[in-house]
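What follows is a single structure, written as structure tokens, with notes after it.
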Amino acid sequence: MSTDTQAPAADQPDADETPEPKPSFMRIFGRYLTEANSVMVTIYSLLLAFFIGGILLIVSDEYVRSTYTYFFARPQDALSASWYLVRDSYIALFEGAILNLNTLDRFAAGTAEFGDLLRPLSETLTYATPLIFTGLAVGLAFRAGLFNIGAQGQMIFGMLGALIVGFALDLPPVLHLPLAVIAGAVAGAAFGAVPGVLKATTGAHEVISSIMLNNIAALFLVWAIGTDFLHSETKTDLITKPVDESAVMPKLLSGLGESLRVNWALIVGIAAAVFTWWLLSRSTFGFRIRAVGFNEHASATAGMRIGSTYTTTMAVAGGLAGLAGAALSLGVGSSGITTNTALEYGFDGITVALLGRANPGGIVAAALLFGALKAGALSAQPDVPVDISTLLQAIIVLFIAAPALVKAILHLRTPRGGLVTLEAKGW
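Everything in the sequence shown is counted per the UniProt record's numbering, starting at 1 for the first residue and increasing by one.
Below, the structure written as structure tokens:
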């Protein structure tokens with residue numbers, strides 16, 4: 001008589017062992033906050049920028065510096081003066097960009113209109129609109145491994161293209177305005193395609209060629225405004241003719257006050273961001289852009305035409321920057337453009353694209369932030385130095401471009417997969 005004994009399965013857990021509990025939400029969230037991932041690096045970059053900006057405000061203020069000469073005798077003087085300076089400066093930036101608290105009190109008392117309440121936000125959106133276009137122009141090229149530093153020149157040519165159609169043609173508004181916008185995009189695309197063609201045919205680096213084209217565009221603008229064809233017929237200053245009323249971009253909040261400058265170009269900018277997202281995420285051409293940007297040699301082996309992708313990408317990017325020029329010519333510059341109309345929107349688009357991580361949604365958010373900094377700094381004059389906006393932008397870009405620096409300063413953990421940096425080929 002034999003007895004069979006059944007051996008326990010090798011993979012069956014011991015009855016005495018208890019499964020390891022899953023980490024709680026707070027633990028997971030805490031680990032995320034202490035990790036140098038792309039989201040937290042961006043947030044910490046903003047916080048560090050405002051912290052360093054506060055220190056520089058303190059150093060640059062003569063009265064606050066004087067309180068530190070007797071710091072060890074009365075430290076509360078220096079600390080309170082520093083606190084109130086930084087607090088009041090950032091409140092002034094907020095009130096100039098989002099909501100003025102004094103105007104809010106007057107509105108509650110019935111002595112201010114609702115349009116007055118929206119004026120700071122309108123200025124923020126007005127300054128952010130061109131940055132959306134130029135940020136998209138730079139960000140799209142980034143995804144193909146290209147550094148489109150020529151957005152400034154592309155915007156200038158888009159500005160001229162929209163201007164010429166805006167005053168030279170006599171059409172009804174339903175045709176005139178769309179045609180002027182398209183002309184700006186086409187002019188920018190034609191100018192943006194040049195570095196792409198040069199890179200595809202001769203291997204010339206797009207950074208070098210686009211920098212040179214920026215200078216050409218700036219000098220061409222000065223010459224063009226002085227010609228009889230473009231120069232104003234009623235003014236002696238270096239300013240162009242105004243566009244016809246049928247080509248002027250309608251104001252978005254015209255019913256709430258004429259001082260609200262934000263116009264429908266903002267809606268076009270958001271539509272352009274949605275289009276760029278669709279192009280990159282849902283189209284065959286977008287797949288080619290991302291593939292070439294990730295590895296051009298593997299893409300060539302797979303049969304993709306690298307040169308054609310470079311040229312087309314730069315043309316589309318130039319068209320987006322050209323829309324920024326059209327927004328200026330047909331919007332805030334509809335009464336005539338000067339050499340200062342373009343400001344530095346093209347170059348600022350580089351910082352917007354970096355902060356937005358070349359993601360269309362992130363670019364829109366970054367453009368709104370930089371538009372707020374610009375509007376706030378201009379509105380807070382003379383209490384806040386106007387350069388504080390540029391300073392904060394520069395510090396933000398410094399940290400965004402060097403995530404290892406943020407990681408080292410705050411002792412963050414390296415995320416799984418390593419630090420994420422935004423690069424163009426050849427750099």
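Even for Gly, the Cβ is constructed at its ideal location relative to N, Cα and C.
Owing to the predicted nature of the structure, the values given are computational and were not obtained by experimental measurement.
The criterion of a C-beta distance shorter than 8 Å is not satisfied by Q152 and F370. T134 sits away from Y310, with the two beta carbons spaced by 8 Å or more. Around the beta-carbon of D244, 16 or more other beta-carbon atoms lie within 10 Å, marking it buried. Separation of the CB atoms of S89 and V384 is rounded to 5 Å, and the pair is thereby assigned contact status at 8 Å. Counting along the chain, the unbroken alpha helix (DSSP H) around W277 starts and ends at A265 to R282. The beta carbon of E35 lies closer than 7 Å to those of L412, R413 and P415 in the same chain, with the five residues before and after it left out. Of the residues assessed, L328 falls on the buried side of the cut-off, its CB having 16 or more other CB atoms within 10 angstroms. In the three-state reduction of the DSSP assignment, E233 falls in the coil class. With 16 or more neighbouring CB atoms inside 10 Å of its own CB, M314 falls in the buried class.
The closest CA to that of G362, considering only T111, P382, T276 and I306, is found on T276. Across the set R305, G376 and P250, the C-alpha of P250 shows the shortest separation from the C-alpha of S334. When C-beta atoms of the stretch 64 to 84 are compared with those of the stretch 96 to 112, fewer than three pairs fall below 8 Å, so the two segments do not count as touching. DSSP places A358 outside any alpha helix (DSSP H), giving it a letter other than H or E. Residue range P173 to T202 is occupied by the alpha helix (DSSP H) that includes K199. Using a 10 angstroms sphere on the CB of Y44, the tally of other CB atoms reaches 16 or more, which defines it as buried. If you look at F147, you'll find it isn't in any alpha helix (DSSP H); DSSP assigns it neither H nor E. DSSP places Y32 inside the alpha helix (DSSP H), whose first and last residues are F25 to L33. K241 sits in coil when the DSSP states are folded into three classes, being neither helix nor strand.
The C-beta distance from L213 to F191 rounds to 7 Å, short enough to meet the 8 Å contact threshold.
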